[in-house]
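Contents: one structure, followed by commentary.
Protein chains: 2
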Amino acid sequence: MQKTVITAEFIAESIRNEILQGKRKGGEPLRQDEIASRFSVSKIPVREALVQLKSEGLVSFVQNKGAAVSSLSADEVDEIYTIRSALETIALQRAIPHLTIADLAKAETIIQQIDSTQTVSDWGRLNWTFHAILYAPAKMPRLIETVESLHTNVSRYLVLYLAGLNYQAQSQLEHRQILDACRQGEVETAVSILQTHLEAASKKLVAFLNESENKTSGEKAK
Amino acid sequence: MQKTVITAEFIAESIRNEILQGKRKGGEPLRQDEIASRFSVSKIPVREALVQLKSEGLVSFVQNKGAAVSSLSADEVDEIYTIRSALETIALQRAIPHLTIADLAKAETIIQQIDSTQTVSDWGRLNWTFHAILYAPAKMPRLIETVESLHTNVSRYLVLYLAGLNYQAQSQLEHRQILDACRQGEVETAVSILQTHLEAASKKLVAFLNESENKTSGEKAK
DNA sequence: TTGATTAAAATCGTATACGATCTTAGAATA
DNA sequence: TATTCTAAGATCGTATACGATTTTAATCAA
Chain A
1 MQKTVITAEF IAESIRNEIL QGKRKGGEPL RQDEIASRFS VSKIPVREAL VQLKSEGLVS
61 FVQNKGAAVS SLSADEVDEI YTIRSALETI ALQRAIPHLT IADLAKAETI IQQIDSTQTV
121 SDWGRLNWTF HAILYAPAKM PRLIETVESL HTNVSRYLVL YLAGLNYQAQ SQLEHRQILD
181 ACRQGEVETA VSILQTHLEA ASKKLVAFLN ESENKTSGEK AK
Chain B
1001 MQKTVITAEF IAESIRNEIL QGKRKGGEPL RQDEIASRFS VSKIPVREAL VQLKSEGLVS
1061 FVQNKGAAVS SLSADEVDEI YTIRSALETI ALQRAIPHLT IADLAKAETI IQQIDSTQTV
1121 SDWGRLNWTF HAILYAPAKM PRLIETVESL HTNVSRYLVL YLAGLNYQAQ SQLEHRQILD
1181 ACRQGEVETA VSILQTHLEA ASKKLVAFLN ESENKTSGEK AK
């Protein structure tokens, strides 16, 4: 077996997953020595992994204090959804004319998998998979990469706070409506529902975060 | 004087500038030892700088072959301008109602500076400064950061290939039109000219790159 | 008790060193 | 001559080691 990937990539993926699964909370420091010994490597690939995650917005660095899991404010979440809406709209619009039967079937399968999903991190991952399938034929890899990164950033909050509610039922309904519109080739309709879909998530999440920020206001000055 | 920035940040900025000034051509390998000795540091901060630049799209890594300055295809440039148009449109639209007299004056100054600019790298930098001033009041730091990164990526090609032509005169005319529309608070007009402005740059650059790609087709399979 | 002071421990950032991989150039072979 | 082989050099990726900074905790003063 050849060395599968660069060490730093492997470590970055592990830490990314931990953050997405809520095992690492916002603000929590990421000790280089601890991570290094856990993976039985030196700090050097660990630091490179953290620099990578910093560029994805999942961790932040402070001089001589190392890395910590970054947090999102309500404003930032709002901004992220504005960007996502603009970009995903373009992707879907361009992709629909090129969607194949196989793509649509694959998307349908993912919707069903989401229905029977138990863990929140699976839900977040499948959620993105569904969208990514519909966007892929747009052949815009940079746009998709950007959107995926933004999705990842909000996902850890979504899975934590919206999973229990009736949000999932509504979300799945919209997924099915989007898929139907894609099948019919109704670009306008699909894009419109997608925007609604994103706005709904954004509003709930922003409201939730505003609430928690008010509760804990004053702590931030620390 | 305290240590201004982390070493890696400083090195990243230096290499970034070299790439933007055309001192480092696309495909050119970036030797870690060479860079390290030039800055009198070890390879470790150099590698972190390169990982950072990779996340900005300016360099790419290949396993055991290190980093090299990345190149852009015509398709990628086209995609980048599509993304920029979508995002900059939002930024300008939201910023205009909050533009102050001081912002407008600052933008006017930059236009004048561009007129008297000699070097292409100054032109690229000032060009972005002008746009950034008009976008800033939108208060969307992530969006701006994303757009800036995309601007940086195409800038090194723009300055190389469009600087000589009459492109700059046209570009400056559009800058003044955008600024005028901003002064009048005419959001629709400003956004519309901005889109034209970006499309013009995109078309010229894509045409140029398609031409060079055809000339050198066959080399790519290497 | 509370707050200031300082020494010890923890942690960071990076220089040095080294095995692993890749590249290159000359020798051997056809 | 052209091609394959091989060994030396170049370059990469990372473990180890260490000074610098920060944090913690213990001591002392108010």
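For the protein sequence lines, the chains are A and B, in the order given. Per the numbering used here, the first sequence runs over residues 1 to 222. Per the numbering used here, the second sequence runs over residues 1001 to 1222. Glycine included, C-beta positions come from ideal geometry on N, C-alpha and C.
- Interface annotation for the stretch 1077 to 1108 of chain B against chain A: 1079, 1080, 1082, 1083, 1086, 1087 and 1090, criterion Cβ-Cβ distance under 7 Å.
- Per the C-alpha coordinates, the member of B/1027, B/1025 and B/1066 positioned closest to residue 1033 of chain B is B/1066.
- Put simply, the backbone Cα of residue 1213 of chain B is about 16 Å away from that of residue 1202 of chain B.
- Rounded to the nearest whole angstrom, the CA to CA distance from residue 54 of chain A to residue 1106 of chain B is 32 Å.
- From the beta-carbon of residue 48 of chain A, the residues of chain B found nearer than 8 Å are 1047, 1048 and 1051.
- Taking a cut-off of 8 Å for Cβ pairs, the stretch 117 to 130 of chain A and the stretch 183 to 191 of chain A do not touch, as fewer than three such pairs fall below it.
- Within the stretch 74 to 162 of chain A, the alpha helix (DSSP H) runs of at least 4 residues that lie entirely inside it are, in chain order, 74 to 95, 101 to 115, 120 to 135 and 141 to 161.
- Where residue 1010 of chain B is concerned, the enclosing alpha helix (DSSP H) starts and stops at 1007 to 1020.
- The alpha-carbon of residue 1176 of chain B is positioned some 19 Å away from that of residue 1090 of chain B.
- Contact between the stretch 95 to 115 of chain A and the stretch 1076 to 1093 of chain B is absent: fewer than 3 CB-CB pairs across the two stretches fall below 8 Å.
- Check the Cα spacing between residue 124 of chain A and each of A/9, A/45, A/180 and A/22: the tightest is with A/22.
- By the neighbour-count criterion, in which a residue is buried when 16 or more other Cβ atoms sit within 10 angstroms of its Cβ, residue 1199 of chain B is exposed.
- Residues of chain A with a Cβ closer than 7 Å to the Cβ of residue 1125 of chain B do not exist; the shortest Cβ-Cβ separation is about 22 Å.
- In this structure, the alpha-carbon of residue 109 of chain A lies about 25 Å from that of residue 146 of chain A.
- Here residue 39 of chain A carries a coil assignment [DSSP, helix/strand/coil].
- In the structure shown, residue 70 of chain A falls within a coil segment according to DSSP collapsed to helix, strand and coil.
- Here the alpha carbons of residue 64 of chain A and residue 1155 of chain B stand approximately 34 Å from one another.
- Secondary-structure assignment with DSSP links residue 1030 of chain B through a beta bridge to B/1067.
- Taking every protein chain shown into account, the CB of residue 1045 of chain B has 16 or more other CB atoms within 10 angstroms, so this residue is buried.
- Residue pairing for residue 61 of chain A: DSSP places it in a beta bridge opposite A/67.
- In summary, the residues of the stretch 1141 to 1153 of chain B whose CB is separated from some CB of chain A by less than 7 Å are 1142, 1143 and 1146, in the order they occur in the chain.
- Residue 60 of chain A does not reach chain B, its nearest Cβ partner there being about 13 Å away, counting only Cβ pairs nearer than 9 Å.
- CA-CA distance, residue 42 of chain A to residue 1020 of chain B, rounds to 34 Å.
- Within chain B, 1051, 1052, 1054, 1055 and 1056 have C-beta atoms less than 9 Å from the C-beta of residue 55 of chain A, given in sequence order.
- At a Cβ-Cβ threshold of 8 Å, residue 1152 of chain B and residue 1056 of chain B count as neighbours.
- The contact set of residue 178 of chain A on chain B, defined by CB atoms closer than 8 Å, is empty, because the minimum CB distance reaches about 20 Å.
- For residue 1015 of chain B, the closest Cβ of chain A is not nearer than 8 Å.
- For residue 70 of chain A, the closest of A/50, A/60, A/159 and A/204 by C-alpha to C-alpha distance is A/60.
- Across the structure, residue 1114 of chain B and residue 1075 of chain B are spaced so that their CA atoms are roughly 29 Å apart.
- Comparing C-alpha distances from residue 1194 of chain B to each of B/1204, B/1209, B/1026 and B/1178 shows the shortest one belongs to B/1178.
- In this structure, the straight-line span from the alpha carbon of residue 13 of chain A to that of residue 86 of chain A is close to 27 Å.
- At a cut-off of 8 Å between beta carbons, residue 35 of chain A makes no contact with chain B.
- Taken through DSSP and simplified to helix, strand or coil, residue 1210 of chain B comes out as helix.
- Around the beta carbon of residue 38 of chain A, a 10 Å sphere encloses fewer than 16 other beta carbons of the protein chains shown; the residue is thus reported as exposed.
- Interface flag for residue 11 of chain A against chain B is unset, since no Cβ pair is found closer than 8 Å.
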